[in-house]
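*Asks:*
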Amino acid sequence: MPECPLLIENAVKIYSSRRVLDSLSLRVERGDFLAVMGPSGSGKSTLLHAAAGLIGLSAGRVLVDGVDLAELSDASLSRLRRTKIALVFQSFNLIPNLTVEENMLLPLLAGNSAPDPSICRAMAEKLGIADKLGCYPLSLSGGEQQRAAIGRALLPEPALILADEPTGSLDSAAGQEFCKLLRTLCADEKRTIVMVTHEPAVALAADRVLVLRDGAFAGEIASTGGLSVDALSSEYHHILECGK
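According to our numbering, numbering within the sequence shown proceeds without interruption in unit steps and concludes at 726.
(1) Taking the DSSP output, what are the residues bridged to Lys495?
(2) Can you round the beta-carbon distance between Ile611 and Val582 to whole angstroms, since I take them to be within the 8 Å contact cut?
(3) One question on the structure: do Leu516 and Val510 come within less than 8 Å of each other, judged by their Cβ atoms?
(4) For a test of the three-state rule: what should DSSP assign to Ile721, helix, strand or coil?
(5) Could you please give the first and the last residue of the uninterrupted alpha helix (DSSP H) stretch that includes Glu754?
(6) Using CA coordinates, which residue listed in Leu620, Val691, Leu609 is at the minimum distance from Lys662?
(7) Measure from the alpha carbon of Leu545 to the alpha carbon of each residue in Leu488, Ser524, Ser715, then state which is nearest.
(8) Identify the residues that DSSP records as bridge partners of Ile675: which are they?
(9) So, using beta-carbon positions, are Leu644 and Val684 closer together than 8 Å?
(10) In three-state terms, what does DSSP make of Ile601?
(11) May I ask you to list the residues that DSSP assigns as paired with Phe571?
(12) Run the CB neighbour count on Leu576, radius 10 Å, all protein chains shown included, and call it buried at 16 or more, exposed below.
(13) DSSP on Gly538, reduced to helix/strand/coil?
(14) Would you mind working out which of Pro648, Leu722, Leu636 sits nearest Ala700, comparing C-alpha positions?
(15) Under a three-way DSSP split, which group does Gly616 fall into?
(16) In whole angstroms, what separates the C-alpha of Ser527 from that of Glu584?
(17) Which residues in the same chain as Glu639 place their Cβ atom closer than 8 Å to its Cβ, once the five residues preceding and following it in sequence are excluded?
(18) Please list, in chain order, all residues of the same chain as Ile601 whose beta carbon is under 8 Å from its beta carbon, the five residues on each side excluded.
(19) Report the rounded CA-to-CA distance for Pro619 versus Gln627, giving the unit in angstroms.
(20) Return the chain-ordered list of same chain residues with a C-beta closer than 8 Å to the C-beta of Ala635, the five sequence neighbours on each side being excluded.
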């Protein structure tokens, strides 16, 4: 049986005596598209950074594809992030003096492999930026840069995609297009996605929404199918105010 892409058990993270994550547990199955919402300071980004192994936990554990992150050396953790975890942030983090193609191929080159350029082109076609491969990032729109960034993240075929406010630097139209792209990746390729957002319109792209409050899950919107943005927003605020 394939390993669960992401399993978090009783995660605790303490900063300066404040419990930013409070005995939080989460299981994400292959092909799931999960959105995490919560007010500022609720622990959303801390949760995502712990899932990526960017920070360690004070207690509990994180397993990615069955691997306990706490048991890895720094070198092994970097290798796992490069091959198993795709990170998509609000900032695109593209290298300006490299072309789109060179940016997309970076993770494979970092693994000392000689990637087939046709793989990059096929990914770029899927993302709608095949005509931009020879361009430099600053000549692209925000939406095109975000697509290049997700192409770079996906080429190693990761077990898990972690997205932290991925539409924050995009206008509303480009943000909606990006959400449709994530939805397609999840549906057609069974990609596993955990996305942190504060925007109901973005969270609507996910299969389900978990609401985080004070470092713990306050409740869940189990299915977004058929919900409007206003309805999802109303449920979200109801959970924050009243709990499950």
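Note that CB positions come from ideal geometry on N, CA and C, so glycine has one too.
*Replies:* Walking through what the data contain:
(1) Leu503.
(2) Rounded to the nearest angstrom, the Cβ distance from Ile611 to Val582 is 7 Å, consistent with a contact under 8 Å.
(3) Yes, Cβ-Cβ distance for Leu516 and Val510 is below 8 Å.
(4) The DSSP-derived three-state label of Ile721 is helix.
(5) Absent from the model: residue 754. The displayed extent of the chain is 483 to 726, so no value can be given.
(6) Answer by Cα proximity: Leu609.
(7) Nearest neighbour of Leu545 by Cα position, chosen from Leu488, Ser524, Ser715, turns out to be Leu488.
(8) DSSP, once it has assigned bridges, lists Phe515, Ile643 as partnering Ile675.
(9) Taking the C-beta atoms as reference points, Val684 is found no nearer than 8 Å to Leu644.
(10) In the structure shown, Ile601 sits in a helix (DSSP, three-state: H, G or I).
(11) Among the bridge pairs identified by DSSP, Phe571 is matched with Asp646.
(12) Label assigned to Leu576: buried.
(13) Residue state, collapsed to three classes: coil.
(14) Of the listed residues, the one whose Cα sits closest to Ala700 is Leu722.
(15) Three-state DSSP puts Gly616 in coil, outside helix and strand.
(16) C-alpha separation (whole angstroms): 29 Å.
(17) For Glu639, where only same-chain residues beyond five positions count, there are no Cβ hits under 8 Å.
(18) Only Leu637 meet the Cβ criterion.
(19) Take the alpha-carbon of Pro619 and the one of Gln627: they are about 6 Å apart.
(20) Here the set comprises Ala568, Leu569, Val570, Pro589, Ile643.
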